[in-house]
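**Student:** FYI, the numbering for the sequence shown is 117 to 192, going by the working numbering.
Yeah, the Cβ is synthetic: ideal placement off N, Cα and C, and Gly gets one too.
The structure presented is a predicted model; accordingly, all values stated were derived computationally and were not measured.
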Amino acid sequence: MVIDEIDIANLAPRKPDWDLKRDVAKKLERLDRRTQKTIEELIRERLKKNQSNQEFFQAVNVGTAHAGETVVGYDD
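#1: Could you have a look at I121 and say whether DSSP puts it in helix, strand or coil?
#2: Grouping DSSP H, G and I as helix and E and B as strand, with all else coil, what is D133?
#3: Would you call the CB atoms of L163 and V178 closer than 8 Å?
#4: Please go through the same chain and pick out, in chain order, the residues whose beta-carbon is closer than 6 Å to the beta-carbon of V187, but skip the five residues on each side of it.
So this is what it looks like as C-alpha cells:
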C-alpha cells in the first residue's frame, strides 16, 4: 500500500470561522472595487464643480497617475 505525502497543514485544526472568511472574501473584493470607483467619481464631481474644464482634466490626470497614494491634509 502506497501512502501519499500528508500535508501537516491539512491535519491541523482550523479556526471556527475559516469558512466564513473564505466565503466573504470575494464579496469584500467586489465591494472594495465598487468603493474605490465611487470615491473616484465623487472626487471627479467635486473637482468639476470647483475648477474650469482644463484644470479639471489636469487634476484627473494627476490623480490617476498617483492612484493608490493617500491624500494627507485634505479638508472638506
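**Tutor:** According to the structure shown:
#1: According to the sequence shown, residue 121 is Glu rather than Ile. It is coil, neither helix nor strand.
#2: coil
#3: Not closer than 8 Å, so no.
#4: Residue placement at V187 is poorly supported in this model, since its pLDDT is 48, which falls under 50; the coordinates still yield a value, given next. Answer for V187: no residue qualifies.
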